[in-house]
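Chemist: Okay, handing you the structure first.
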Amino acid sequence: MANTHHRAAPVHVHPDEVSVLAALTALGDPVRLELVRELASSPDWTRSCGSFDVPVGKAALSHHFGVLRGAGLVEQRDEGPKRVNRLRREEFEARFPGLLALVLRPDHSDHTDRPDRSAAGQAG
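Residue numbers (my numbering): 3 to 126.
Structure (structure tokens):
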């Protein structure tokens, strides 16, 4: 008897249906941001859900991908036993120009390489 294991196809939301708050919320989580960054550096449809180097379990990873789909950032399809992913770069860029490029820039959150702007503004 053949294996009849089927899972529901993922539900996708087009970026045109997403609010800026939903997009920012999706991108504001460090795990989801890492998923987006890894997808951005990979060809479309080459990354399965289990191929990402993130510190969460399978259930949490599934949740994070659901949030990204709901924000119009990720499209998924099943290829055999694997679910593969594509970053919806063009569609998201059309809806939120510049936002994806901004969040994909290297993180400089430590600010050690930037001048102190508050001191510079007080000089003179």
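Here a beta-carbon is modelled for each residue, glycine too, at the ideal position from N, C-alpha and C. All of these numbers come straight from a predicted model, not from anything done at the bench.
1. For Ser43, name the three-state secondary structure that DSSP assigns.
2. With distances taken from CA atoms, which of Val33, Ser43, Arg71 is nearest His14?
3. Can you tell me whether Glu77 is buried or exposed? The criterion is at least 16 other CB atoms within 10 Å of its CB, across all chains shown.
4. Our contact map puts Leu75 next to Phe94 with C-beta atoms below 8 Å; I'd like the distance itself, whole angstroms only.
5. Could you have a look at Leu26 and say whether DSSP puts it in helix, strand or coil?
6. Just mark Ala61 as buried or exposed, buried being the case when its beta carbon has 16 or more other beta carbons within 10 Å.
7. Mind checking whether Leu37 and Val56 have CB atoms under 8 Å apart?
8. Does the ligand SAM have even one heavy atom less than 7 Å from the beta-carbon of Ala103?
9. Put Val76 into one of helix, strand or coil per three-state DSSP.
10. Whole angstroms are fine: how far does the CA of Ala10 sit from the CA of Cys51?
11. According to DSSP, simplified to helix, strand and coil, what is Arg49?
Modeler: Short version:
1. In the three-state reduction of the DSSP assignment, Ser43 falls in the coil class.
2. When only C-alpha atoms are compared, the closest one is Arg71.
3. buried
4. 6 Å
5. Looking at Leu26 - three-state DSSP - the assignment turns out to be helix.
6. It counts as exposed.
7. yes
8. Ligands are entirely absent from the displayed structure, and the ligand SAM is therefore not among its contents.
9. strand
10. 15 Å
11. strand
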